[in-house]
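Residue numbers for the sequence shown, in UniProt numbering: 1 to 289. Cβ atoms here follow ideal geometry from the backbone N, Cα and C, with glycine treated the same way. Below is one structure, written out as structure tokens; the observations come after it.
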Amino acid sequence: MLLQVQARAKINLTLDITGLLPDGYHELETVMQSIALADRLVFAPLPGGIELETGASGVPAGPENLVWRAAELLRKQTGCRRGVRIHLFKNIPVAAGLGGGSADAAATLLALNRLWSLDLSREELARLALQLGADVPFCLAGGTALARGKGELLTPLPPLPPWGVVLVTPDVAVSTARIYKEYDRLLPVGRPDTQAMLRAVDRRDLAAVCASLGNVLEPVTASLVPEVRRVKGALQEAGAAGVEMSGSGPTVFGLCSGEEEARRVAGRLDPRLGRIICTRLCAGAIHLQ
1 MLLQVQARAK
11 INLTLDITGL
21 LPDGYHELET
31 VMQSIALADR
41 LVFAPLPGGI
51 ELETGASGVP
61 AGPENLVWRA
71 AELLRKQTGC
81 RRGVRIHLFK
91 NIPVAAGLGG
101 GSADAAATLL
111 ALNRLWSLDL
121 SREELARLAL
131 QLGADVPFCL
141 AGGTALARGK
151 GELLTPLPPL
161 PPWGVVLVTP
171 DVAVSTARIY
181 KEYDRLLPVG
191 RPDTQAMLRA
201 VDRRDLAAVC
211 ASLGNVLEPV
221 TASLVPEVRR
231 VKGALQEAGA
241 AGVEMSGSGP
251 TVFGLCSGEE
261 EARRVAGRLD
271 PRLGRIICTR
281 LCAGAIHLQ
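This is the structure we're talking about:
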């Protein structure tokens, strides 16, 4: 039995930090959105052990990979001794603020729950997801949602239309840990209006959503990676309706009225800005085949 899974990336329409939790983690408030851009994972049963093949530059194929860690976590938590061979085909830019690793981990939890006949509930999978990373619970659920706490307190929101998205990922490595450390040191001013975004999402109003985009980490990342500001300016000049950085960056996204408009905007961009991808918003995060 083979299972093929599409693990979709995410963008942050807003990202705010509201404080520190008792365990030292940052307390988040973020409106997250799945996009159609997806990695593909293929799962094949083995009598025992975990084998992971990636073939992508800079993507580890061992215990450092969240896919491996998700599989091992399931085995540890359930006592399952069955094995799996996993082929990971990367389409989502790595370490780019798009939740690619988190999406792959969430897909692994869902796929192995079926492949190994574990019968874990969505709630049980969500608790395991949080052990793997703050974005993994959302990537398991997908769609449009408000995430609070470490990212595990999810409130589903009305699905947005399949608006077009242009992603531009500068060829610069960004450390999420460093960005948060710099945020704690600098404490930038200017926070997104989450409530305004929630009202805009409820109305499915593209102009209002674009007016409410905000990311408290963007000034921090942009101070370390000047390319972020250049990409934002280029997307605005190219005609994107709204522009913002996703996660801790460095990817910047531009929202458009549809995929055709997104392709027109992308066609006006200088390819030297970085990797340019056209996609769209979508309602789900993981698609099992």
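With contacts defined by Cβ atoms closer than 8 Å, P250 and P170 form a contacting pair.
Straight across, the Cα-Cα distance linking R229 with L160 is about 27 Å. Residue environment for G99: buried (at least 16 other C-beta atoms within 10 angstroms of its C-beta). For N12, the enclosing beta strand (DSSP E) starts and ends at L3 to L20.
With contacts defined as CB atoms closer than 8 Å, R191 and L28 fail to qualify as a contacting pair. In this structure, L140 lies away from A238, with their beta-carbon atoms at least 8 Å apart. At a Cβ-Cβ threshold of 8 Å, A56 and R85 do not count as neighbours. Taking 8 Å as the cut-off, the beta carbon of M1 is found closer than this to the beta carbon of L115. DSSP, reduced to helix, strand and coil, places C256 within a strand of the structure shown. If you draw a 10 Å sphere on the C-beta of Q195, you find fewer than 16 other C-beta atoms in it, and that means exposed. If you look at I179, you'll find it in the alpha helix (DSSP H) that goes T176 to L186.
The beta carbons of V31 and V59 sit about 28 Å from each other, so the pair does not count as a contact at 8 Å. A Cβ-Cβ distance of about 20 Å is found for the pair L146 and L125, leaving them out of contact under the 8 Å criterion. Restricted to the UniProt domain "GHMP kinase C-terminal" (197-269), the alpha helix (DSSP H) segments that are unbroken, complete and at least 4 residues in length are 206-211, 218-224, 227-238 and 259-267, listed in chain order. The distance from the Cβ of L273 to that of V168 is about 5 Å, consistent with a contact at the 8 Å cut-off. Here the C-alpha atom of H287 lies approximately 25 Å from the C-alpha atom of S257.
Annotated three-state conformation of C278 is strand, per DSSP. Between L74 and the set L130, A222 and N91, the nearest pair of CA atoms involves L130. Setting aside the 5 residues that flank it on each side, C210 is surrounded in the same chain by A241, G242 and L255, each with a C-beta closer than 7 Å to its C-beta; the list follows chain order. Below 8 Å, too few C-beta pairs join the segment 261-270 and the segment 35-51 to call them touching: fewer than three.
Note on geometry: alpha-carbon atoms of L217 and E152 lie some 19 Å from one another. Residue range I50 to E53 is occupied by the beta strand (DSSP E) that includes E53. Listed in chain order, the non-local C-beta contacts of A96 below 6 Å within the same chain comprise T169 and T251, local neighbours out to five positions each way being set aside. When rounded, the separation of the alpha-carbon atoms in V136 and A107 is 9 Å. The beta carbon of T155 sits closer than 7 Å to the beta carbons of A145 and L146 from its chain, once the five residues preceding and following it are set aside; these are given in chain order.
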